[in-house]
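The structure under discussion appears below in the form of structure tokens.
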Amino acid sequence: MKRFNTIGVLTSGGDAPGMNCAVRAITRRALANGLKVKGIIGGYSGLIKNEVIDLDARAVSNIENLGGTILLTDRCDEFKTEEGMQAAIETCKKNNIDAIVAIGGDGTFRGATDLSLRGIPTIGVTGSIDNDITATDYTVGFDTAMNTALEAIDKLRDTCQSHARCNVVEVMGRDCGEIALKSGIASGAVAIAIPEVPFDEDAAIERILKAKNAGKRSMLVVVSEGVFNAEGKPYGEDLKKIIQDKTGIETKFARLAHIVRGGSPTLRDRLTASEMGSYAVDLLLDGKSDCIVAEVDGRIVSFDIKFALTVDKMYKKKLKEGALDGFTPEQIGTMEEICAFRASEIKRLYDIHLSLCE
Ligand code: ADP
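Residue numbers (the working numbering): 5 to 362.
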């Protein structure tokens, strides 16, 4: 069992509500185990530029309810170069940082692997509003993002009802449609378009017309930002025009964009971030490295980063030739099960949406 003196913590890539709870949990769990903690400011950029602060218990008090990340974040291409990586290692040496916990998404985990391979044990904690990391059932920030989207969509419902309008709402999610799917079901959307399921535009128009003729005044349509038209442009604005032209219903378009990234984290995000952050420190104390903390069937577990990123590629059908080399048949079987479960969950929920939106 490896003993460390000092660990570093950073947040990287897209921010997500709940990251602060993870920072707090990592710091306090490490302090409770007699470790020192350094906060790296601005993700991997801060590691390259030696922007490092001491974190004690007080430095992380009263941050549970704060949106964003007190450690700030960045997207840093320099970190992908060997020079940038060496500068980061140098910063670790200067600050006696023996190991790192990196909170972020898949890009952040690629960086974590690079650090681990160069002798800085690194653990990833999933922080992403999109719930877009296939190996974990849940990523910190997702619940808050869904609830923020839902609150905005409910408000659009009010005004749609008053004016007898339709509103197409685009929400974030990159290649994962879960924010759109879940906030759409919860807000009673008449149609939902997500990247994972082919969108039946004609059926949606027919449904809207049928509902209008039955006296429905307000129509909500939720579209994920990852759905594109034939020219590769976001589909939401197209759909607004199509609905207006084909149904005669006045139709508005709203892009919620970065609004769903902000705000005070929900209990779910605070709790999961606290659990995942604590577990990340336990993994390091156990001598583990190059893993991410995940949630599977309600339990906090860990996966090797390479495994997690490969499952992700498998699910998104982006596996390159040879990507499965080195994995055992059992591991590949587990990957296939994870992908099949995720796909079946999306289908199950989409079917529920279709059966409720008549
Ligand atoms: P997220 O972690 O939310 O997916 P990004 O994809 O922007 O966000 O990744 C965050 C950061 O992780 C990048 O800005 C970069 O510094 C680092 N990173 C991403 N990909 C790699 C890679 N292949 N190798 C090393 N570092 C990477």
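Ideal Cβ positions, reconstructed from N, Cα and C, are used throughout, including at glycine. Keep in mind that this is a model prediction, so the values were computed, not measured.
In the DSSP assignment, S278 forms no beta bridge with any residue. Secondary structure of L213 (DSSP, three-state): helix.
If you compare the alpha carbons of A218, D158, T126, I342 with that of L287, the shortest gap goes to T126.
Between R114 and the set V300, S293, L358, the nearest pair of CA atoms involves S293. Three or more Cβ pairs drawn from the segment 150-160 and the segment 174-191 lie within less than 8 Å of each other, which places the two stretches in contact. For Y48, the shortest C-beta to heavy atom distance toward ligand 1 is below 7 Å. With the rule of 3 Cβ pairs closer than 8 Å, the segment 52-64 counts as touching the segment 25-41. Close CB contacts of A29 within its chain, under the 6 Å cut and outside five residues either way in sequence, are with S278, G281, S282 (chain order). For R221, same chain residues with a beta-carbon under 6 Å away, outside a window of 5 residues either side, are Q165, A168 in chain order. Burial check for H262: the Cβ neighbour count within 10 Å stays below 16, so the residue is exposed. Excluding its 5 nearest sequence neighbours in each direction, F83 has C-beta neighbours in its own chain below 6 Å: Y48, G115, listed in chain order. Measuring C-alpha to C-alpha distances from C295 to each of A195, R303, A312, S16 identifies A312 as the nearest. R114 has its CB nearer than 7 Å to a heavy atom of ligand 1. Bounds of the alpha helix (DSSP H) holding C25 are 23-36.
Across the set E210, I74, A92, D136, the C-alpha of E210 shows the shortest separation from the C-alpha of L358. The three-state secondary structure of S49, taken from DSSP, is helix. The C-alpha of R346 lies about 7 Å from the C-alpha of T138.
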